[in-house]
Amino acid sequence: MTQPDPGVFKTSGSFLRDRVAQHLQEQGFGTGDATEDTASPATPDSEGADEPSTAAGGDAAATSSAKDGASAESDAFPEDDTETDGRPASPQDSDDTAPTEAIAVSASAEQAPSEASPAAEEDTAPSGPETRPLQPVNEPADEGEPMWPTPQRLSDVVPQDKDQEEGATPTPTHAPVPDSDPGGGQEQTGRATAEAAGAVATETKAEAGKGRKGKKGGKAPLWWRILRVCLVVVGVGIIAGCGVFAYFYATVEVPDAAQADAVDEGSTFYFADGETVFAERGTSREIISYDQMTAGGDHVVEAVISAEDRGFWTEPGVSVRGTTRAVWSTITGQQVQGGSTVTQQMVRNYFEGVSNERTISRKIQEIIIAIKIDQSESKEWVMEQYLNTIYFGRQAYGIQAAAEAYYHKDVDELTAEEAAFLAAAIQQPTPFGQADVETTPEMKQRWQYVVDGMVTTGAITQAEADAMEFPAPEPERQTTDLSGYRGYMLQEAMRELEQLGYTEDMVNRQGYQIVTTFDQDMMEAAYTAVDEKVSQEELPEGINIGLSTVDPATGEVLAFFGGHDYHANQYDSSFLGSAQAGSAFKPYVLATALEQGYSFNSVVDGRGPQTINGSRIQNAGGSAGGIMSLLQATEISNNLGYINLAREVGYEEIRDTAYAAGLPEGSIHDDQLVPVMPLGANSVRPVDQASGYATFANGGVHVDAHVVREIVNREGENERPEVESNRAVSESTAADLTYVLESVAENGTGRSANLWDPDHPVAGKTGTVRDELSGGGTSAAWFVGYTPQLSTAVGVYSDNNRAFTIPGQSISSTGLPSEIWKSYMTAVMANYEPASFPDPAFGGDNEYWAPEVTPQAPADEEPATPQVPEVPEQPEIPEIPEIPEFPQNPGTGEPEQPTNPEPGDPGDTTEPEEPDNPFLPGTDRGSG
Numbered sequence: 023m024t025q026p027d028p029g030v031f032k033t034s035g036s037f038l039r040d041r042v043a044q045h046l047q048e049q050g051f052g053t054g055d056a057t058e059d060t061a062s063p064a065t066p067d068s069e070g071a072d073e074p075s076t077a078a079g080g081d082a083a084a085t086s087s088a089k090d091g092a093s094a095e096s097d098a099f100p101e102d103d104t105e106t107d108g109r110p111a112s113p114q115d116s117d118d119t120a121p122t123e124a125i126a127v128s129a130s131a132e133q134a135p136s137e138a139s140p141a142a143e144e145d146t147a148p149s150g151p152e153t154r155p156l157q158p159v160n161e162p163a164d165e166g167e168p169m170w171p172t173p174q175r176l177s178d179v180v181p182q183d184k185d186q187e188e189g190a191t192p193t194p195t196h197a198p199v200p201d202s203d204p205g206g207g208q209e210q211t212g213r214a215t216a217e218a219a220g221a222v223a224t225e226t227k228a229e230a231g232k233g234r235k236g237k238k239g240g241k242a243p244l245w246w247r248i249l250r251v252c253l254v255v256v257g258v259g260i261i262a263g264c265g266v267f268a269y270f271y272a273t274v275e276v277p278d279a280a281q282a283d284a285v286d287e288g289s290t291f292y293f294a295d296g297e298t299v300f301a302e303r304g305t306s307r308e309i310i311s312y313d314q315m316t317a318g319g320d321h322v323v324e325a326v327i328s329a330e331d332r333g334f335w336t337e338p339g340v341s342v343r344g345t346t347r348a349v350w351s352t353i354t355g356q357q358v359q360g361g362s363t364v365t366q367q368m369v370r371n372y373f374e375g376v377s378n379e380r381t382i383s384r385k386i387q388e389i390i391i392a393i394k395i396d397q398s399e400s401k402e403w404v405m406e407q408y409l410n411t412i413y414f415g416r417q418a419y420g421i422q423a424a425a426e427a428y429y430h431k432d433v434d435e436l437t438a439e440e441a442a443f444l445a446a447a448i449q450q451p452t453p454f455g456q457a458d459v460e461t462t463p464e465m466k467q468r469w470q471y472v473v474d475g476m477v478t479t480g481a482i483t484q485a486e487a488d489a490m491e492f493p494a495p496e497p498e499r500q501t502t503d504l505s506g507y508r509g510y511m512l513q514e515a516m517r518e519l520e521q522l523g524y525t526e527d528m529v530n531r532q533g534y535q536i537v538t539t540f541d542q543d544m545m546e547a548a549y550t551a552v553d554e555k556v557s558q559e560e561l562p563e564g565i566n567i568g569l570s571t572v573d574p575a576t577g578e579v580l581a582f583f584g585g586h587d588y589h590a591n592q593y594d595s596s597f598l599g600s601a602q603a604g605s606a607f608k609p610y611v612l613a614t615a616l617e618q619g620y621s622f623n624s625v626v627d628g629r630g631p632q633t634i635n636g637s638r639i640q641n642a643g644g645s646a647g648g649i650m651s652l653l654q655a656t657e658i659s660n661n662l663g664y665i666n667l668a669r670e671v672g673y674e675e676i677r678d679t680a681y682a683a684g685l686p687e688g689s690i691h692d693d694q695l696v697p698v699m700p701l702g703a704n705s706v707r708p709v710d711q712a713s714g715y716a717t718f719a720n721g722g723v724h725v726d727a728h729v730v731r732e733i734v735n736r737e738g739e740n741e742r743p744e745v746e747s748n749r750a751v752s753e754s755t756a757a758d759l760t761y762v763l764e765s766v767a768e769n770g771t772g773r774s775a776n777l778w779d780p781d782h783p784v785a786g787k788t789g790t791v792r793d794e795l796s797g798g799g800t801s802a803a804w805f806v807g808y809t810p811q812l813s814t815a816v817g818v819y820s821d822n823n824r825a826f827t828i829p830g831q832s833i834s835s836t837g838l839p840s841e842i843w844k845s846y847m848t849a850v851m852a853n854y855e856p857a858s859f860p861d862p863a864f865g866g867d868n869e870y871w872a873p874e875v876t877p878q879a880p881a882d883e884e885p886a887t888p889q890v891p892e893v894p895e896q897p898e899i900p901e902i903p904e905i906p907e908f909p910q911n912p913g914t915g916e917p918e919q920p921t922n923p924e925p926g927d928p929g930d931t932t933e934p935e936e937p938d939n940p941f942l943p944g945t946d947r948g949s950g
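With the first letter of the sequence shown counted as 1, position 276 gets the number 298 in my numbering; the numbers rise by one all the way through.
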């Protein structure tokens, strides 16, 4: 017989009806109308009595089928001997009455009316041979071959997994049915049709339910899929991390020796000769046992645990949270954070081979060793090594040295309050080490944090904590002679080392040989020059005298005066103190003009007073001034001439020149870029001015000022980075500027500072700052000058920019500063060979920035002021004699100028007699 195709088909109306009719024809059940369902009468003795007629419609068939069993499979395939339709089932029933396949209800049954009528029954009667009553299904039609094919489940024909995965209802497929006896008649045909329709409805309903359940259990939600991926990644990461940890744990060994720093040596500071020691910064350490640490009680150890590692007694040598934070910060490129336990810190500071590099590999090495140490050594041993190596400030390493440095007692005599202070100092040893009777709020907050932690860990009670008072440390004991200027030298050397990346802890522990730039003889000369003029007792409080000397060729600070005694006052007046520059700033303005191609013979209008930007400005001391060259304006320090020059060359350009020459970046604020900028409202330190003028002495090349020449490590290597330098102005500009400033020292306001030694010529500039709020008294006075070998600045100033006096001294640029400069430089230049400045270049173009002056007789004066003759475009350059000597009047090449008939100002009586000047009626007493 022909076996039907088991392909999956849709259970829709007409297609299903045709399929059922075809199947019945193939089985030999007659040739009735395939488009109509065949009705069979129900008999009480047959199973068909419980099957609904096809004429009753698809709904009736489905309803009747649902009543016959709990599921489609139980109706179609009974597996036991339980009652069916109210009677016991026989083996023959199980074999012969099971349907061969579940088939969907026909479309004609779905469209039939709910109740069958006689007319409908007549219409549906088959047109084949004479109709016979249907034979019961449990009675075979033929003894040789069963009427119905062997029962098969749907899953035997159509795979179920694919349908359930896609959430679709499986489509039933016909199983192959063997040929049956065609003589079975139409009764068997009708019964087969009814059974097939009922089974199809029941099976379809059951499979539809399974299909709906398949949809609910299909693709997982998006959040779950993302979470699942994340969990997999994390799991892989954890596994990989464990593998890496296992590798390091197996390969990293605990060092068998303590590093040299555990018994370290301090650093030594030398004068410039590299042999004479002036200070030592060494480790102060006394090794004690754990029993000695706790002899006075457990509060010392418990305070340290409260400050540094509150899980010390229970953790396995490391803190998982702290270590994770530190490693994450390193991986993400942030600054490496803390997180080290007491054990890790001990490992880092004690064992040989564990570096202080901030790398992940070093951190892993530290963690592994800490874990192994925690397993092999007791907690007490770890704490003992830790408290004997950690730095507490004040050059004190170890708890015993710290107790002596801060409280002048042994560790077993420390109170709980004092122990908490020392524990708080571990995190910030330098600020705590500088604490004396006066302490900062931050220190008290850190101390309170430690005290609160001791309450948390149970070391003390809350009542004991409430009764504690902040224990201010005792004054620091001096272990090195830092009296006089030695303390200032050490202070400046330590400050520069810190700028170079060498911390106080490194200097104290790593045994550097530090050679400074300070010349011992010059330091003595600077101290003597100041002290002879103004002793420590004569110097009023709040008044400072600063002196700095720089080698123009190297930038080395050879000597300075920062104060009479470091023990009495740690405020360094040369490196820390500053004051307004006054007219000592004018050389930077002139250098800008020369660099822009203007000659120092260019003419400016220096007459006063003048109204500039709505403000009335006068020369210092009310001087009338005049129309003059830049050289002459510099000699007499004419204010208005330089104010007009600054307007021509540009304020930004002047600032750039000053920065390039050596003034610190940011020292000239934007609000100081105003017409009076040349008068020096910006603040400068003596070392800044000495460095700036050294640039002019060095042919326009600036070398950064510094105080540390060499940093020699234990291996004998010099670690000092190379000193930076830059060209600030051209060599010709530097030569012409030096020529002008040399004229100031010979013919102008700087005569009081001149050495008058042909072997050691001097170029320089004065500067005076007036306090107009106090009646015009002096608040700062300067003389900054240089020889071919040295540049020195001397400043006398007040802390609050207010006028001051010093008994027996003239507080002006031509007074005390010039006198100190001359005394000091006379002493130190005796050790230098004769030298001279380079010849001037006389470069640049002559500009005439002054207005034409019409001859007009003043109303209150007899003689008339003649008109100033026009300056020729190319003035005659004076001949340089064969024997180098500078003319008394450098302006001999200019046209003769008429004498101003206005009576001269006698000026400062302490100055030498002022030479005749065709443009200036008197000396400058204000701007310097």
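Ideal Cβ positions, reconstructed from N, Cα and C, are used throughout, including at glycine.
Selected residue, minimal CA-CA separation from residue i, among the options
i: L777; options: S832, E841 and E324; result: E841
i: V611; options: V709, L249, A756 and A445; result: A756
i: A716; options: A603, L695 and A815; result: A815
i: G722; options: V745, P860, T788 and K844; result: P860
i: Y408; options: A445, T437 and K431; result: A445
i: Q618; options: Q44, D320 and G672; result: G672
i: A767; options: A683, Q654 and L795; result: Q654
i: M315; options: T437, G738 and H586; result: T437
Span separating the alpha-carbon of residue i from that of residue j
i: T365; j: M476; result: 19 Å
i: N530; j: S341; result: 29 Å
i: I260; j: R343; result: 16 Å
i: P829; j: D678; result: 40 Å
i: R499; j: Q456; result: 12 Å
i: Q640; j: Y761; result: 27 Å
i: M516; j: E526; result: 8 Å
i: S596; j: V818; result: 10 Å
i: A262; j: A272; result: 15 Å
i: R416; j: L667; result: 53 Å
i: L244; j: I390; result: 41 Å
i: P856; j: S835; result: 27 Å
i: S801; j: S820; result: 6 Å
i: Y413; j: A447; result: 9 Å
i: S398; j: E546; result: 59 Å
Cutoff 6 Å; reference residue i; Cβ partners in own chain excluding five residues on either side
i: R303; result: G288, S289, V529 and N530
i: E746; result: D726
Enclosing alpha helix (DSSP H) for residue i [first to last residue]
i: T452; result: P451 to G455
Sequence-distant residues of its chain with Cβ nearer than 8 Å to residue i (five each side left out)
i: V730; result: A515, E518, L519, L522, I536, V537, T538, T539 and R742
i: T298; result: Y292 and Q542
i: Q831; result: K555, V556, G837 and L838
i: W403; result: Y312
Limits of the beta strand (DSSP E) - the one that residue i falls within
i: V806; result: G799 to Y808
i: A863; result: Per DSSP, A863 belongs to no beta strand (DSSP E) and is neither H nor E.
i: D627; result: V625 to D627
i: G786; result: A785 to D793
i: R749; result: S747 to R749
Same chain, Cβ closer than 7 Å to residue i, five either side skipped, listed in chain order
i: I634; result: I665 and P697
i: E439; result: M490, E491 and P493
Inset, instruction - Starting from the N-terminal side, write out each stretch of the alpha helix (DSSP H) that is 4 residues or longer and does not extend beyond the segment 483–513. - result: As far as the segment 483–513 is concerned, its whole alpha helix (DSSP H) runs of at least 4 residues are 484–488.
Inset, instruction - Would you mind listing the beta strand (DSSP E) stretches within the segment 630–702 that are 3+ residues and don't spill past its ends, in chain order? - result: Counting only runs of 3 or more residues that sit fully inside the segment 630–702, the beta strand (DSSP E) segments are 632–634, 637–639 and 649–651, in chain order.
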